[in-house]
Every structure is written in structure tokens, then in C-alpha cells.
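Numbering (our numbering), first residue to last: 19 to 106. One structure below.
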């Protein structure tokens, strides 16, 4: 499914560098090189709507001076939720 579609994920995230891409249950999971890349990415909601599955999670390691371990953004436009941001 999504594992074989690296270019699709680049298009969905609007980010050219992916650390890895996986499918977690029925949700796409993309790891970017850094939390900064996660916060700066510009999601392409029209493309995410065309993606199979429930949505797309994009994560990256938080900066070393942060109180968090990683930053994630979760996109579920098919369910009326364009974005949820997690800091954990």
C-alpha cells in the first residue's frame, strides 16, 4: 500500500526528504528527518484525500532543547479533521 509509494508521500507532505515511510494499521506513517521538517511541511490535503486508509501521520525527532521526544502531525481530512498536532 503506502510503503511502495514514496513519491506519493513526498507529494502528500510537500517535503522532498523522507527518513522512512510505513503503514500502521490503515494509517500512513511518515518519518521526516527532524521535528523542524514536520512543523515546516505543507500538507497537500487534496492528495491526502486520495490516499488509501484513514489518514496520514507525519513525525520527526524534536529538537534536543525541547521538552518533547518527537513532534507528530496527523491528517484525517476524510473524517473532517484536517490536522491534529501532537508533542510527546
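Glycine included, C-beta positions come from ideal geometry on N, C-alpha and C.
Work out the CA separation of residue 62 and residue 94 for me, nearest whole Å. Each residue's alpha carbon lies about 12 Å from the other.
Proximity winner among 57, 68, 83, 99, relative to residue 77 (alpha-carbon distances): Residue nearest to residue 77 within the set 57, 68, 83, 99 is 57 (criterion: CA-CA distance).
Would a check of beta-carbon distances place residue 47 closer than 8 Å to chain D? Absent from the structure is chain D; it holds one protein chain and no more.
Helix, strand or coil at residue 53 according to DSSP, with G and I counted as helix: Judged by DSSP in its simplified three-state form, residue 53 adopts helix.
Residue 67: buried (16+ other C-beta within 10 angstroms of its C-beta) or exposed? Exposed, because fewer than 16 other Cβ atoms sit within 10 Å of the Cβ of residue 67.
With burial defined as no fewer than 16 other Cβ atoms inside 10 Å of the residue's Cβ, what is the status of residue 102: buried or exposed? It is exposed - the Cβ of residue 102 has fewer than 16 other Cβ atoms within 10 Å.
Have a look at residue 85 and residue 79 and give me their C-alpha separation to the nearest angstrom. In this model, residue 85 and residue 79 are separated by some 11 Å (Cα to Cα).
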